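*Asks:* What follows is a structure written as structure tokens; I'll ask about it next.
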Amino acid sequence: MTTPVPCAANAAAQQAFLTDLAVLEAQVEAGGAVLYYADAAHPTHNTRSTRAWCQVGEERPLLTVSGSERVNLNAAVNAYQPTQLLLDETSRVDAQSTRRLYERLLAAHPTAGTIYVICDKARYYKNKELTQWLQGKPIVQVFLPPYSPNLDLIERLWKYLRQKIINTTFYRTKGQFRQAVLNFFTRLPEFEHDLVSLLTRKYHILDSQLTS
Numbered sequence: 006m007t008t009p010v011p012c013a014a015n016a017a018a019q020q021a022f023l024t025d026l027a028v029l030e031a032q033v034e035a036g037g038a039v040l041y042y043a044d045a046a047h048p049t050h051n052t053r054s055t056r057a058w059c060q061v062g063e064e065r066p067l068l069t070v071s072g073s074e075r076v077n078l079n080a081a082v083n084a085y086q087p088t089q090l091l092l093d094e095t096s097r098v099d100a101q102s103t104r105r106l107y108e109r110l111l112a113a114h115p116t117a118g119t120i121y122v123i124c125d126k127a128r129y130y131k132n133k134e135l136t137q138w139l140q141g142k143p144i145v146q147v148f149l150p151p152y153s154p155n156l157d158l159i160e161r162l163w164k165y166l167r168q169k170i171i172n173t174t175f176y177r178t179k180g181q182f183r184q185a186v187l188n189f190f191t192r193l194p195e196f197e198h199d200l201v202s203l204l205t206r207k208y209h210i211l212d213s214q215l216t217s
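Take the position in the sequence shown, starting the count at 1, then add 5; the result is the number in the numbering used here.
Structure below.
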């Protein structure tokens, strides 16, 4: 069995991040902050073959669509309450979409001392106008080390979305597909047991040096 590992994964950088993260988590647990993981996803309206039961030697037809239209999602999930997720569906994930998402964060936590947002180093998080807008606000962006999807809690949510909604049903139209994806977020309490088990704050460090 093989496991994909980013060739530039750096164990030392990941460990340093987790050391700093422990300090932030202590603030959250003391009641002085909240902690979110933010990321974008772009589910594509196209059928993907995963697994299915069929008789040995027989083929099983799989309906497909030829389109490649996407649903663009910009989201942040509470690291301590996995069913608390803020979402911005947008035509394009950019600094403006991220600002709208952050405005929802501020509205959801009007009395929070600090709102930590763990995110990757996508260009829109580092946008100059967004950075200026954040000045004086309680939102603090904390950037993940490069090539560290294993440390990004919301990646597990995207994987669960694919497993639960995207890869299990054929959606003939983009409208049906989009509605199923968006309905997933209104149904999060229904999936609470799975999400609490999946989005635990336990992380496996990846190191490209372990591969030859």
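Note that beta-carbon positions come from the ideal geometry of N, C-alpha and C, so glycine has one too. Predicted, not measured: the structure shown is a model, and the values here were computed from it.
Is it buried or exposed for H198, if we count other Cβ within 10 angstroms and need 16 for buried?
*Replies:* Position 193 of the sequence shown, counted from the first residue, corresponds to residue 198. H198 is exposed by the Cβ-count criterion.
*Asks:* Kindly confirm or deny that the segment 176–196 and the segment 74–83 touch, where touching means at least three C-beta pairs closer than 8 Å.
*Replies:* The segment 176–196 is in contact with the segment 74–83.
*Asks:* Identify the continuous alpha helix (DSSP H) that holds D199 and give its terminal residues.
*Replies:* Reading the sequence shown from its first residue, position 194 is the one you call residue 199. That run of the alpha helix (DSSP H) goes E197 to L203.
*Asks:* Would you give the residue range spanned by the alpha helix (DSSP H) that D93 belongs to?
*Replies:* Locating residue 93 in the sequence shown gives position 88, counting from the first residue. Not the alpha helix (DSSP H): D93 falls in the beta strand (DSSP E), residues L90 to T95.
*Asks:* With a threshold of 16 other CB atoms inside 10 Å of the CB of L158, please say whether the residue is buried or exposed.
*Replies:* Residue 158 sits at position 153 when you count from the first residue of the sequence shown. It counts as buried.
*Asks:* What is the rounded straight-line gap between the Cα of Y121 and the Cα of V61?
*Replies:* Counted from its first residue, the sequence shown places residue 121 at position 116. Counted from its first residue, the sequence shown places residue 61 at position 56. One C-alpha to the other measures close to 52 Å.
*Asks:* Only counting runs of 4 or more residues, tell me where the alpha helix (DSSP H) segments fall wholly within the segment 98–141, in order along the chain.
*Replies:* With a minimum length of 4 residues, the continuous alpha helix (DSSP H) runs that stay inside the segment 98–141 are 100–113 and 133–139.
*Asks:* With a threshold of 7 Å on Cβ separation, who are the neighbours of N155 within its own chain once the five nearest residues in sequence on each side are excluded?
*Replies:* Working through the sequence shown from its first residue, we reach residue 155 at position 150. Contacts found: Y208, H209 and L211.
*Asks:* Excluding the 5 residues preceding and the 5 following A16 in the sequence, name in chain order all residues of the same chain whose CB lies nearer than 6 Å to its CB.
*Replies:* Mapped onto the sequence shown, residue 16 falls at position 11. Excluding sequence neighbours, A16 sits near I210 and D212.
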